[in-house]
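>
So, in structure tokens, the structure goes:
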């Protein structure tokens, strides 16, 4: 019996394979059989596998035919193993040997492959869910932005600005509300058309955007009416300076009239402070609106609510236009 030839033959299989004698003694075993079943030459299969009589009979039947026979046997640790056995012919015919391939390793690899595939699918599902969730969040964020935003200028709308004031009051954060109304927009629309009027509105929006702090917020209430909330501002001088900067930026824009002359843009501005001028949003809004119309009547760039005396007169000398 050439055992080296047997070992060479078994080495070509990646599965656990052994060669058995009629007495159930292992004649040769490949590396997989040694590693997975601790079987090696000289081992007794009965002792290694704790074969039942039924299992032993299944193995013995393989000595009777060169056809492959597939059957289950139970390992020493109780695990089920699928064995495939057949009689070895050729130069080993007289030795009455069988080859036995045990597919315990195949089952493990198959289950591992299935687990790996299931894990991969689970990861892919999780990734898809994450992408879908991120997309949904982006859509919700976009919808929320659209709900709060004036579509023409990109500034906040009126309800969104009011929400900002409600949050400021809830947080006990002082703020100033400034109302703005463009001067002469009707004349621009009547003489130059609504496209020119729209351009003037956008110029006022840009003047607001470029002259408010990052913490503040500006809104278009409708038509040529705008508003802004300036947090933490309580000083009259700070408010007047802010109004002058906005007026200066707006006046830097020109609208060309039909006769070739340039129309300078300007806006009336009125401000009221919480809580210095009023303790409710309704009061602040009314005072800012009243101050704005006082600005329009007086020609001042910005009027603060506490400058109004007896509902008509303004306290202090009129300020020069920028």
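Residue numbers (my numbering): 1044 to 1365. Just so it is clear, CB atoms sit at the ideal spot from N, CA and C, and this is done for glycine as well.
Is it buried or exposed, residue 1266, if we count other Cβ atoms within 10 angstroms and call 16 or more buried?
Taking the first residue of the chain shown as position 1, residue 1266 is located at position 223. Exposed, since its Cβ has fewer than 16 Cβ neighbours within 10 Å.
> Quick one, which of 1264, 1311, 1249 and 1131 has its alpha-carbon nearest residue 1200's?
Taking the chain shown and counting its residues from 1, one reaches residue 1200 at position 157. Among 1264, 1311, 1249 and 1131, the Cα nearest to that of residue 1200 is on 1264.
> Could you tell me which of 1170, 1258 and 1047 sits nearest to residue 1207, measuring between CA atoms?
Your numbering for residue 1207 matches position 164 in the chain shown. Measuring from the Cα of residue 1207, the nearest candidate turns out to be 1258.
> By how many angstroms is the C-alpha of residue 1122 removed from the C-alpha of residue 1098?
Taking the chain shown and counting its residues from 1, the one referred to as residue 1098 is at position 55. Taking the chain shown and counting its residues from 1, the one referred to as residue 1122 is at position 79. Answer to the nearest angstrom: the Cα atoms are 13 Å apart.
> Can residue 1291 and residue 1219 be called in contact, C-beta distance under 7 Å?
As a first step, residue 1291 must be located in the chain shown, where it is residue number 248. As a first step, residue 1219 must be located in the chain shown, where it is residue number 176. Not closer than 7 Å, so no.
> I'd like to know whether the C-beta atoms of residue 1289 and residue 1331 end up nearer to each other than 7 Å.
On the chain shown, residue 1289 is found 246 positions in, with the first residue counted as 1. On the chain shown, residue 1331 is found 288 positions in, with the first residue counted as 1. No; because the gap between Cβ atoms is not below 7 Å, this pair is not in contact.
> Closest by CA to residue 1205, which one among 1323, 1348, 1072 and 1061?
Taking the chain shown and counting its residues from 1, one reaches residue 1205 at position 162. Comparing Cα-Cα distances from residue 1205 to each of 1323, 1348, 1072 and 1061, the minimum goes to 1323.
> Using three-state DSSP, classify residue 1223 as helix, strand or coil.
Working through the chain shown from its first residue, we reach residue 1223 at position 180. Residue 1223 falls in the strand class under three-state DSSP.
> In the DSSP assignment, find the beta strand (DSSP E) that holds residue 1306 and state where it starts and stops.
On the chain shown, position 263 is the one that residue 1306 refers to. Here the beta strand (DSSP E) through residue 1306 covers 1305–1307.
> For residue 1296, list the residues DSSP reports as bridge partners.
For this step, residue 1296 is matched to residue 253 along the chain shown. According to DSSP, residue 1296 bridges with nothing at all.
> Give me the residue from 1090, 1106, 1108 and 1139 with the minimum Cα distance to residue 1117.
Here residue 1117 refers to the residue found at position 74 of the chain shown. Taking each of 1090, 1106, 1108 and 1139 in turn and checking the Cα distance to residue 1117, the smallest one comes out for 1090.
> Could you tell me if residue 1195 is buried or exposed, where buried requires 16 or more neighbouring beta carbons within 10 angstroms of its beta carbon?
Residue numbering aside, residue 1195 sits at position 152 when the chain shown is read from its first letter. Label assigned to residue 1195: exposed.
> Report the three-state DSSP secondary structure of residue 1115 (helix, strand or coil).
Your numbering for residue 1115 matches position 72 in the chain shown. In the structure shown, residue 1115 sits in a strand (DSSP, three-state: E or B).
> For residue 1233, is the classification buried or exposed, using 16 other Cβ atoms within 10 angstroms of its Cβ as the cut-off for buried?
Stepping through the chain shown from its first residue, residue 1233 is reached at position 190. Exposed is the call here.
> Taking residue 1268 as the reference, which of 1252, 1102, 1274 and 1228 has the closest Cα?
The residue labelled residue 1268 in the question sits at position 225 within the chain shown. Looking at the Cα atoms, 1228 is the closest of the given residues.
> Hey, does residue 1281 have any beta-carbon neighbour from chain D nearer than 7 Å?
Of the protein chains in the structure, only one exists, and it is not chain D.
> Once DSSP output is grouped into helix, strand and coil, what is the label at residue 1081?
Numbered from its first residue, the chain shown carries residue 1081 at position 38. Note: residue 1081 maps to coil in three-state DSSP.
> Which of helix, strand or coil does DSSP assign to residue 1236?
Looking up residue 1236 in the chain shown gives position 193. It is coil, neither helix nor strand.
> Thinking residue 1125 and residue 1146 are a contact (beta carbons under 8 Å), I'd like their distance in whole angstroms, please.
For this step, residue 1125 is matched to residue 82 along the chain shown. For this step, residue 1146 is matched to residue 103 along the chain shown. About 4 Å; that satisfies the 8 Å criterion.
> Assign residue 1007 to one of three DSSP states: helix, strand, or coil.
With the chain running from 1044 to 1365 in the structure shown, residue 1007 is simply not present.
> Mapping DSSP to helix, strand and coil, what is residue 1131?
If you number the chain shown from 1, residue 1131 lands on position 88. Looking at residue 1131 - three-state DSSP - the assignment turns out to be coil, as it is neither helix nor strand.
> For residue 1073, which residues of its own chain have a beta-carbon under 8 Å away from its beta-carbon, when the five flanking residues on both sides are left out?
The residue you call residue 1073 lines up with position 30 of the chain shown. So the list reads 1050, 1053, 1054, 1056, 1059, 1060 and 1061, once near-sequence residues are dropped.
> What do you get for residue 1367, buried or exposed, if any count of 16 or more other CB atoms within 10 angstroms of its CB means buried?
Residue 1367 is absent from the structure shown; the chain starts at 1044 and stops at 1365.
> If you compare alpha carbons, which of 1111, 1134, 1135 and 1311 is closest to residue 1001?
With the chain covering only 1044 through 1365, there is no way to say anything about residue 1001.
> With DSSP run on the structure shown, which of helix, strand or coil describes residue 1094?
By one-based count along the chain shown, residue 1094 stands at place 51. Residue state, collapsed to three classes: coil.
> For residue 1139, which option in 1067, 1193 and 1333 has the closest C-alpha, if you only look at C-alpha atoms?
For the purposes of this step, residue 1139 is taken as the residue at position 96 of the chain shown. Answer by Cα proximity: 1067.
> Cutting at 6 Å between CB atoms, please list the residues of its own chain near residue 1261, excluding the five before and the five after it.
Along the chain shown, one-based indexing puts residue 1261 at 218. Hits under 6 Å: 1198, 1251, 1255 and 1271.
> Does residue 1190 pass the burial test, meaning 16 or more other C-beta atoms within 10 Å, or should it be called exposed?
Taking the chain shown and counting its residues from 1, the one referred to as residue 1190 is at position 147. Looking at its Cβ environment, which holds fewer than 16 other Cβ atoms inside 10 Å, residue 1190 is exposed.
> With DSSP collapsed to three states, give me the class of residue 1346.
The residue labelled residue 1346 in the question sits at position 303 within the chain shown. It is a strand residue.
> What's the C-alpha gap between residue 1296 and residue 1308?
Start at 1 with the first residue of the chain shown, and residue 1296 comes out as number 253. Start at 1 with the first residue of the chain shown, and residue 1308 comes out as number 265. Going from the Cα of residue 1296 to the Cα of residue 1308 covers about 7 Å.
> Throw me the rounded Cβ distance for the residue 1094 and residue 1063 pair, which I believe falls under 8 Å.
Taking the chain shown and counting its residues from 1, the one referred to as residue 1094 is at position 51. Taking the chain shown and counting its residues from 1, the one referred to as residue 1063 is at position 20. Incorrect: roughly 11 Å between the Cβ atoms, too far for contact.
> Throw me the rounded Cβ distance for the residue 1311 and residue 1338 pair, which I believe falls under 8 Å.
Your numbering for residue 1311 matches position 268 in the chain shown. Your numbering for residue 1338 matches position 295 in the chain shown. Confirmed, about 4 Å.
> Do you know how far the Cα of residue 1192 is from the Cα of residue 1174?
Here residue 1174 refers to the residue found at position 131 when the chain shown is read from its first residue. Here residue 1192 refers to the residue found at position 149 when the chain shown is read from its first residue. Cα to Cα, the separation comes out at about 26 Å.
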